[in-house]
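First residue of the sequence shown: 576, per our numbering; consecutive thereafter. Note that beta-carbon positions come from the ideal geometry of N, C-alpha and C, so glycine has one too. Source: prediction; values computed, not measured. Below is one structure; the comments refer to it alone.
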Amino acid sequence: MLLAVHERWPDRVIALHVHHGLQTAADDFESRGRAFCERLGIPFSSSRVHAAHEPGQSPEDAARQKRYRALASMAQDEGAACVLLGQHADDQAETLMLALSRGAGLPGLAAMAERFERHGVVFGRPLLGLPSKVLREWLLTHGHDFVDDPTNADHRYTRNRIRALLLPAWEACFPGFRPMLARSARHAAQAQTLLDDLACIDMAQTGAPPAILMLQALSRERQANVLRHWLHQIAGAAASTAQLDELLDQVADCTTRGHRIHLKVASGFVAREGGRLVFLQPGNTPPI
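What follows is the structure in structure tokens.
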């Protein structure tokens with residue numbers, strides 16, 4: 576991708592690198608990237624992050640969150656118009672399979688978007704339609720060396736097991752399956768956009784924070800949809816299926832003034848204050 580955008584927009588590209596500090600090879604990744612860019616005359620900017628995960632957080636998710644924040648910060652410092660990422664069609668297929676294995680909802684099944692915004696920066700993934708094999712063959716044909724992350728062979732990680740075991744099996748049974756999975760991901764993304772639009776319509780009626788009586792006037796499915804949207808909007812929180820089901824049950828049972836609601840949801844709590852639900856962050860901070 577770096578070679579392609581450098582050829583397309585010479586003197587308008589900067590390489591951004593995030594050093595996660597999670598493996599001994601990370602120093603070599605950075606030095607090789609810097610040397611590669613020096614040969615091509617491409618400016619190189621690197622940021623080191625502490626990507627260790629918190630209790631209850633997956634290592635992959637912790638590294639991903641800190642990586643995007645670091646990339647956005649560097650892009651803003653450099654005045655970049657957007658950040659392009661190198662994920663390809665195999666990455667997209669792995670993401671969808673991983674979501675299916677976890678019983679994910681539409682946001683997970685939508686996999687990776689071709690364009691999105693995070694931390695005030697536009698991100699793009701221009702290679703999502705190209706399989707890894709095609710990219711590697713192109714690099715080898717043109718005499719370009721590349722680095723394989725040594726952790727890719729570690730089957731302790733679910734994504735690596737999918738890559739090593741499931742993708743070859745799918746290819747054997749359904750040759751050329753990647754575009755089909757990508758199409759399913761786009762359908763899921765479109766459906767989620769419609770649900771987000773419906774949540775905005777319903778939130779205009781329930782308010783934010785939502786009024787319990789107004790929630791009760793909606794179907795259970797629309798209650799779930801608007802509560803998911805509200806939690807994501809105000810706290811970036813995602814309730815588990817069990818947490819959301821319990822919250823919906825509590826909303827349905829909330830028919831008296833003294834009914835108390837105080838449920839663990841994501842990193843905080845959803846509680847009742849008067850006739851409304853509020854989200855409480857840890858540490859006894861004021862409700863949102």
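Query	Result
I'd like to know whether the C-beta atoms of V658 and V696 end up nearer to each other than 8 Å.	yes
Strictly by DSSP, which residues pair up with E848?	R851
Would you list the one or two residues that DSSP bridges to G699?	L659, R690
Report the CB separation of L591 from L646 in whole angstroms; it is logged as a contact under 8 Å.	6 Å
Taking the C-alpha atoms as reference points, what is the distance between C775 and E796?	14 Å
For H706, which residues of its own chain have a beta-carbon under 7 Å away from its beta-carbon, when the five flanking residues on both sides are left out?	In the sequence as displayed, the identity of residue 706 is Pro instead of His. Here the set comprises H663, A664, D665, R753.
With a threshold of 8 Å on Cβ separation, who are the neighbours of Q667 within its own chain once the five nearest residues in sequence on each side are excluded?	A686, M687, L703, R753, L756, A757, A760
Could you tell me which residues DSSP puts in a beta bridge with F721?	For F721, which the question treats as bridged, DSSP gives no partner whatsoever.
To the nearest angstrom, how far is the alpha carbon of F619 from that of A766?	39 Å
Taking the alpha-carbon positions, what's the A779 to Q818 distance?	24 Å
Note the first and the last residue of the continuous beta strand (DSSP E) segment covering F619.	619-623
Let me know the secondary structure DSSP gives A579 once reduced to three states.	helix
Who are the near neighbours of K839 in its chain, counting only those whose CB is closer than 8 Å to its CB and skipping five residues on each side?	Q818
Once DSSP output is grouped into helix, strand and coil, what is the label at H807?	helix
Quick one: give me the first and last residue of the beta strand (DSSP E) that H594 is part of.	590-594
Measuring straight from C-alpha to C-alpha, what distance separates L615 and A841?	45 Å
In terms of residue numbering, what span does the alpha helix (DSSP H) encompassing H834 cover?	Careful: H834 lies outside any alpha helix (DSSP H) and carries neither H nor E.
Check G683 in the structure and name its three-state DSSP category.	helix
Which partner residues of L838 appear in the DSSP bridge assignment?	V845
Give me the DSSP bridge partner(s) of A763.	Partner(s): none; A763 has no beta bridge.
In its own chain, which residues sit with a C-beta less than 8 Å from the C-beta of H594, not counting the 5 before and 5 after it?	A601, D602, F604, E605, S621, S622, R623, V624
Looking at the secondary structure, which residues open and close the alpha helix (DSSP H) in which D602 lies?	601-615
If we cut at 8 Å on Cβ distances, does R803 have a partner in chain C?	Included in the structure is just one protein chain, with no chain C present.
Between the stretch 791-811 and the stretch 820-840, can you find at least three pairs of beta-carbon atoms closer than 8 Å?	yes
By how many angstroms is the C-alpha of Q651 removed from the C-alpha of V709?	32 Å
Please report how far the alpha carbon of G661 lies from the alpha carbon of M789, in whole angstroms.	45 Å
On the CB-based measure, 16 or more other CB atoms within 10 Å of its CB, does V722 come out buried or exposed?	exposed
Under a Cβ-count criterion, where at least 16 other Cβ atoms within 10 Å of its own Cβ denotes burial, should T830 be classed as buried or exposed?	exposed
So is F691 buried or exposed if we call it buried at 16+ other beta carbons inside 10 Å?	exposed
Could you tell me which of A786, G680, G699 sits nearest to F854, measuring between CA atoms?	A786
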